[in-house]
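Read through the structure below, which is laid out as structure tokens, and then see the notes.
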Amino acid sequence: MDIISSIFLGILQGITEWLPISSSGQGMFAMIEFLNIDPRNAISFAIYLHLGTLLAVTLKFRKDINEVLRSLPRFREDKLTMFLIVSTIFSALIGIPVYQIMYGWFEQNRGRGEVVTAAVGLFLILTGLVIYFSRDRKKTKELGDINFLDMAIVGLAQGFTVLPGISRSGVTIAALLFREIEQENALRLSFLMSIPAVLGLISFSILSGEIGNIQIQNIVAGIVVAFLFGYLTIDILMRFARRVRFDLFCIAFGLLAVIFGLFNHLQ
Numbered sequence: 015m016d017i018i019s020s021i022f023l024g025i026l027q028g029i030t031e032w033l034p035i036s037s038s039g040q041g042m043f044a045m046i047e048f049l050n051i052d053p054r055n056a057i058s059f060a061i062y063l064h065l066g067t068l069l070a071v072t073l074k075f076r077k078d079i080n081e082v083l084r085s086l087p088r089f090r091e092d093k094l095t096m097f098l099i100v101s102t103i104f105s106a107l108i109g110i111p112v113y114q115i116m117y118g119w120f121e122q123n124r125g126r127g128e129v130v131t132a133a134v135g136l137f138l139i140l141t142g143l144v145i146y147f148s149r150d151r152k153k154t155k156e157l158g159d160i161n162f163l164d165m166a167i168v169g170l171a172q173g174f175t176v177l178p179g180i181s182r183s184g185v186t187i188a189a190l191l192f193r194e195i196e197q198e199n200a201l202r203l204s205f206l207m208s209i210p211a212v213l214g215l216i217s218f219s220i221l222s223g224e225i226g227n228i229q230i231q232n233i234v235a236g237i238v239v240a241f242l243f244g245y246l247t248i249d250i251l252m253r254f255a256r257r258v259r260f261d262l263f264c265i266a267f268g269l270l271a272v273i274f275g276l277f278n279h280l281q
């Protein structure tokens, strides 16, 4: 991978992170199919790119984050802080074993990018179906109405989004809507809960040594570009996301990825 490829992938991450179409799925599809990057390195680089958009989210929601940090000593009394703590714990309970299984599977399929591409496509289709079935749910709950079961269910849902192709924002927003959380609150909570989740995933990847073989300059370039494009596009793309049928996009793009994978496998 060269610097130009890293910049391109950073731009892709910065734009697709705010849309419920799985930024890691789109990135891995591009890395494996067009840049010929090994699946193990592709997933590692996709994780690093999330650090850039994590910084963008942190800057965008800095007032909410300051509120959460001030509320930590009395977290039981603050519903937002309680939500982030409980959902993060349940995300880790699912996310860590799923990530280890996924990484092991990628290791077994090194050099078989077509298999990974097809798997990413299937997960994109699953994301599209989840978003589709959440569209017409009644949405009346405010932040103060969220209970422990809501927090646990949304956290568990987020845990499965370590799989590339399953959109973290799409699945968590869908889970919040399934639990009848009002849409604006669902969007805000989804992005806030990404902060501890992404930090945890990156930390776990580094500590477990599952960081791939990527040059540091490529990592830095990708992170910086993802941050810049992420911060500059977050508002406009979140407004855009409310108007577009991304369930259909995920299903269509997922089918395309499956076809790509099967075609390359048969060659």
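In terms of my numbering, the sequence shown opens at residue 15 and continues consecutively.
Built from N, CA and C at the ideal position, the CB exists for glycine as well.
Q) Quick one: what's got a C-beta closer than 7 angstroms to R14's C-beta in the same chain, skipping five residues either side? A) Coverage of the chain is limited to positions 15 through 281, which leaves residue 14 absent and any answer about it impossible.
What does the Cβ neighbour count give for G275, buried or exposed, with the cut at 16 atoms within 10 Å? buried
Output needed for V134: all residues of its chain with C-beta closer than 7 angstroms, excluding positions within five of it in sequence on either side, in chain order. G39, M42, F43, P178, G179 and A271
message: Assuming contact is defined by CB atoms lying nearer than 8 angstroms, are F218 and L170 in contact in what I supplied?
response: no
Among L23, K74, P87 and F97, whose alpha-carbon lies nearest the alpha-carbon of T63?
In the sequence as displayed, the identity of residue 63 is Leu instead of Thr. For the residues L23, K74, P87 and F97, the minimum Cα distance to L63 belongs to L23.
Tell me which residue opens and which closes the alpha helix (DSSP H) that L49 is part of.
Premise fails: L49 is in no alpha helix (DSSP H) and is neither H nor E.
Going straight from the alpha carbon of F162 to that of I17, what length do you get?
45 angstroms
**Message:** When you compare the CB positions of L33 and L206, do they come within less than 8 angstroms of one another, or not?
**Reply:** no
Looking only at its chain, what residues have a beta carbon closer than 6 angstroms to the beta carbon of Q197, apart from the 5 residues adjacent to it on each side?
K153
In three-state terms, what does DSSP make of K153?
coil
Point to revise | Continuous alpha helix (DSSP H) assignments of at least 4 residues falling wholly in the stretch 173 to 207 | key: 182 to 192
Contact set for D261: own chain, Cβ-Cβ below 6 angstroms, skip 5 residues either direction = G142, I145 and Y146
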